[in-house]
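Read through the structure below, which is laid out as structure tokens, and then see the notes.
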Amino acid sequence: MSRVSVKRFTLPAILVLILLAATVSGCVAIPESQPTEVEDAGPEPVTVVYWGHNFTPRVELDEKYIAEFMELNPHITVEYEAIPTDFDQKLRTALAAGTGPDLFAQWNGDIGTFYAQGAIAPVAFEAIGYDSQQAFMDLYVAPENTLQGAIFDGKLYGIPNELSIYGCYVNNRLFEEAGLDPDTDFPATWEEMLVVAEKLTKRDDEGRLVQRGFDFSWSNSVWMFLEYGAMVRQLGGSELNLLTPEAEKAMQYWVDWEANGLGGPAYFEGQMSGFIAEELAIECDMGSWARPGVLEAGIDYTVKSVPIWENAVNQNHFDIYAYFHMVNSRSEPAVQEAAWQLAEYLDSHPADYLAHTGLLQARVEVVESETFQNIPFLDVFLDQMTTSMYSPRIARFTEVADVLARVRDRIIVEGMDLKESMAIGQEEIDSILSETR
């Protein structure tokens, strides 16, 4: 192959050639200076610290979608930590101190406190691709109910990564043994529950309970809000005001339940325990998330709506509760924006999370999905959400819940008069609320 030889000229020789060429042409062409193009450096790099609950099925999906998110947004680094224990206390302490993660997922019971502390930022809708709050809310079924738990002064402060509400799980076998049909004989009202529960109750020769028809959750005081508080609001009252006929009626029902030998604190061993052991025919403090455990126990079951009072003025079954993605208001603006983008990306795969974790996000797209349609009784939970309420979004929510439990226990355990115990409880609630204003 022939080669083309390229002669190299020294710099002086080149200058001579240029001058000769200029002489011949009569002018020297001086090129105009061209502006130097500056390459777009793109967004400044940011790091988002994200704390989540250590729920293994969810962690696996979170890690998958966080990796995708960082690939799509190379300027954002996500430091994800699934907190193994004491998540609530660790988060509360950090936010109260003005620190904590940039993004976190926490249940609505704490959101009132976080809002009062100024610790959380409203959703940045433009950052996640929506021109208004309403446009985002329209993604959800009955958003005026399902998103209510994160709204303050008309602004949304969280994106739900789990929406839930309790339903009544029914042991079909125990119903049939009592000569009852789960579909036609399940009680629609609390008044009817007394009758049906008695038919499902079994006692030994000494009168001790060996099978309960139904019972409340008696240990964790937060369940008082989800259950007792909801029963009060069915009647049009507020569980924050105990000195009302509605509050007294609901509390008397709980007290009579124990007094009539249908159940009580002595029989409560934990959420799901009695139902899984088939010692409880109706369990009304489990969400859609309980299905895997019930199936594993081999129980043939039905899910029904939580009863309401005969004279209810609100179709509030038990309270809606949710885990919301929230953003730390103390984070830098660019970090807040990136955190909201991450939250929306994680929560934009609701069908996948439902299929692999059992956790429901009530977005229209997931309700219309094949996954939703193929899981029995999800429609029961969703229907309840469309009419039910959240517990009050107050600061120090858990402290008020503790007051409700003490009111109940003074009556049931110590034998105090109901009105006296309620009056003491109201004083305690008033004191807590006055300190949060």
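Heads up: the sequence shown is residues 11 to 447, going by our numbering. All C-beta atoms, glycine included, are put in the ideal place defined by N, C-alpha and C. Given the structure is predicted, the values throughout are model-derived calculations rather than measurements.
- In the DSSP secondary-structure assignment, I292 is bridged to V180, F224.
- Relative to the Cα of L210, the nearest Cα in the group Y311, S298, F224 belongs to F224.
- When Cβ pairs closer than 8 Å are counted between the two stretches, the stretch 305 to 314 is seen not to touch the stretch 132 to 145, the count staying below three.
- Put simply, the backbone Cα of G108 is about 17 Å away from that of R406.
- Under the DSSP assignment, T446 falls in the alpha helix (DSSP H) whose first and last residues are 428 to 446.
- Beta-bridge annotation (DSSP): A115 is paired with H335.
- DSSP places V423 outside any alpha helix (DSSP H), giving it a letter other than H or E.
- Rounded to the nearest whole angstrom, the C-alpha separation of Q158 and M399 is 8 Å.
- R373 carries a strand assignment under DSSP once its states are collapsed to helix, strand and coil.
- A Cβ-Cβ separation of about 7 Å places W299 in contact with S174 under the 8 Å criterion.
- Spatial neighbours of V180 in its own chain (CB-CB distance under 8 Å, excluding positions within 5 residues in sequence) are listed in chain order as P192, F196, A291, I292, Y311, T312, V313, K314.
- The C-beta separation of D329 from F226 comes to about 14 Å, leaving the pair out of contact by the 8 Å criterion.
- In this structure F391 is not in contact with L369, their Cβ atoms being roughly 12 Å apart against a cut-off of 8 Å.
- Residue environment: V242 is assigned as buried (16 or more neighbouring CB atoms within 10 Å of its CB, all protein chains considered).
- Put simply, the backbone Cα of E430 is about 34 Å away from that of G297.
- DSSP places E347 in the helix class (H, G or I) of the three-state scheme.
- Secondary structure in the stretch 68 to 120: the beta strand (DSSP E) runs of 3 residues or longer, each lying completely within the stretch, are 86 to 93, 113 to 117 in chain order.
- Here the C-alpha atom of S441 lies approximately 46 Å from the C-alpha atom of L184.
- Note that the C-beta distance between Y238 and A260 is below 8 Å.
- Secondary structure note for I175: its beta strand (DSSP E) is the uninterrupted segment 169 to 175.
- The beta carbon of A131 sits closer than 6 Å to the beta carbons of V337, S339, Q346 from its chain, once the five residues preceding and following it are set aside; these are given in chain order.
- Leaving aside the five residues that flank N182 on each side, the residues in its chain whose CB is nearer than 7 Å to its CB run, in chain order, P192, D310, Y311, T312.
- C-alpha of G164 to C-alpha of Y277: approximately 43 Å in a straight line.
- Ranked by Cα distance from L272, the options R222, G280, P84 are led by R222.
- Per DSSP, W299 lies in no alpha helix (DSSP H) segment and is marked neither H nor E.
- Residue pairing by DSSP places G271 in no beta bridge whatsoever.
- Assignment of T397 by DSSP, reduced to helix, strand and coil, places it in the coil class.
- Annotation: G159 is outside any alpha helix (DSSP H) and is labelled neither H nor E by DSSP.
- In the structure shown, L219 adopts extended strand secondary structure according to DSSP, grouped into three states.
- Ranked by Cα distance from S229, the first of G425, L364, M282, P94 is M282.
- By alpha-carbon distance to A152, the top candidate from M395, E409, A415, D419 is M395.
- Around the beta-carbon of V316, 16 or more other beta-carbon atoms lie within 10 Å, marking it buried.
- Taken atom to atom, the span from the alpha-carbon of G110 to that of R68 is near 21 Å.
- Note on geometry: alpha-carbon atoms of A433 and A344 lie some 49 Å from one another.
- L252 sits close to G435, with the two beta carbons spaced by under 8 Å.
- Per DSSP, G139 lies in no beta strand (DSSP E) segment and is marked neither H nor E.
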